[in-house]
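All remarks here apply to the structure that follows.
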Amino acid sequence: MVPDANIVVFDGFEPLDVSGPFEVFINTDGAGVRIFSLDAPGVKVGEGGVRVEALGPEKIDPKGVLLMPGGPGARDLVDDDRWLDKLRSLVAQSSQVLTVRTGSALLAAAGVLDGRRATPNDPAFDWVVSTAERVDWVEGARWVVDGKPQTSSGISVGIDMTLDYVENACGPEVADQASTRMGYIRNRESGYDPFAKTEA
551 MVPDANIVVF DGFEPLDVSG PFEVFINTDG AGVRIFSLDA PGVKVGEGGV
601 RVEALGPEKI DPKGVLLMPG GPGARDLVDD DRWLDKLRSL VAQSSQVLTV
651 RTGSALLAAA GVLDGRRATP NDPAFDWVVS TAERVDWVEG ARWVVDGKPQ
701 TSSGISVGID MTLDYVENAC GPEVADQAST RMGYIRNRES GYDPFAKTEA
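So for the sequence shown, this note's numbering puts the first residue at 551; every next one is plus one.
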């Protein structure tokens, strides 16, 4: 069974980074999913003006699955030590940690990717790499699993990464059932991102 999912949002999050994995979880039998802020309960405004009502951090089940989206707002949070301290504590307690796009920069800034392999958002690759030198950044991958952290590159890749997590936790039948309910054709290729920059 998949533990309940804790999706953390912040001002400037990317909507599909949240809604794609959210759909996977709600289409997986037995999985609960809720949206949180690490600051205080209230509305968080994502890219394009999408507004989400977030619960406060005191409502988080710390042993659930943590999903960290990316988005323009991540660039401000990588320098917010107080916010990163809260993230670091939550990661330590979570059963698994999934990131989409520049969500990996937030984990890296918190120090929880040190010594691990990870992949970030391709267009922001250089910026993400600059935030953490102790991470083994993998360029050109769609998603990378290295122990607890599971990081993904593009916006829609978060869906495939989350389905991969569900498959590893519950078996291929459960993941296939979720993708069928979504009307979504999975891409199981984690190691190659056709949208990644290539050398000339």
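Backbone N, C-alpha and C fix where the C-beta goes; we use that ideal spot for every residue, glycine too.
Thinking residue i and residue j are a contact (beta carbons under 8 angstroms), I'd like their distance in whole angstroms, please.
| i | j | result |
| --- | --- | --- |
| V716 | V602 | About 23 angstroms; that fails the 8 angstroms criterion. |
| P553 | G614 | 5 angstroms |
| P699 | V662 | 7 angstroms |
| L617 | L648 | 5 angstroms |
| V685 | D664 | 7 angstroms |
| A604 | P619 | Not quite, the Cβ-Cβ distance comes to about 12 angstroms (not below 8 angstroms), so this is no contact. |
Kindly list the residues whose CB is nearer than 7 angstroms to the CB of residue i, restricted to its own chain and excluding five residues on each side of it in sequence; keep chain order.
| i | result |
| --- | --- |
| D561 | K594, V595, G623 |
| G697 | R666 |
| A682 | A658, A659, L663 |
| K636 | L588, P607 |
| G708 | D567, G570, P571, V650, S702 |
Suppose the cutoff is 8 angstroms on Cβ atoms and the five residues either side in sequence are ignored; what does the same chain contact list for residue i look like?
| i | result |
| --- | --- |
| I705 | E564, L566, D567, G570, V650, R651 |
| R738 | D710, D714 |
| R638 | A660, G661, V662 |
Within the continuous alpha helix (DSSP H) that includes residue i, where are the two ends?
| i | result |
| --- | --- |
| F586 | Run containing F586: none in the alpha helix (DSSP H); it sits in the beta strand (DSSP E), 583-586. |
| I576 | 565-576 |
| I735 | Counting along the chain, I735 falls outside any alpha helix (DSSP H), and DSSP gives it neither H nor E. |
| L713 | 707-720 |
| G653 | 653-659 |
| S680 | 675-681 |
| A624 | 624-627 |
Excluding the 5 residues preceding and the 5 following residue i in the sequence, name in chain order all residues of the same chain whose CB lies nearer than 6 angstroms to its CB.
| i | result |
| --- | --- |
| R755 | The chain is shown only over 551 to 750; residue 755 falls outside these bounds and no answer can be derived. |
| G621 | G562, F563, E564, E597 |
| T669 | V688, A691, V694, T701, S703 |
| A581 | V552, F575 |
| I610 | N556, F586 |
| A674 | T652 |
In whole angstroms, what is the alpha-carbon distance linking residue i and residue j?
| i | j | result |
| --- | --- | --- |
| S680 | V641 | 22 angstroms |
| E723 | I735 | 14 angstroms |
| E749 | S654 | With a pLDDT of 40 at E749, under the threshold of 50, the modelled position of that residue is not reliable, and the figure given next carries that caveat. So the two alpha carbons sit approximately 23 angstroms from each other. |
| W627 | R666 | In the sequence under discussion, the amino acid at residue 627 is Leu, which differs from the Trp named in the question. Using only the alpha carbons, I get a separation of about 21 angstroms. |
| S645 | G599 | 31 angstroms |
| D579 | F572 | 13 angstroms |
| R752 | Q727 | For residue 752 there is no data in the structure shown, the boundaries of the chain being 551 and 750. |
| S531 | C720 | The question about residue 531 has no answer here: the residues shown for the chain are numbered 551 through 750. |
| I557 | L634 | 16 angstroms |
| V559 | G741 | 27 angstroms |
| D530 | V678 | Here the chain comprises residues numbered 551 to 750, so residue 530 is not present and cannot be evaluated. |
Considering only DSSP beta bridges, list what residue i is partnered with.
| i | result |
| --- | --- |
| R667 | D686 |
| R601 | V595 |
| W633 | W633 is not bridged to any residue. |
Kindly indicate the opening and closing residues of the beta strand (DSSP E) around residue i.
| i | result |
| --- | --- |
| S645 | Premise fails: S645 is in no beta strand (DSSP E) and is neither H nor E. |
| A555 | 555-558 |
| S702 | 699-702 |
| V662 | No beta strand (DSSP E) holds V662; DSSP gives it neither H nor E. |
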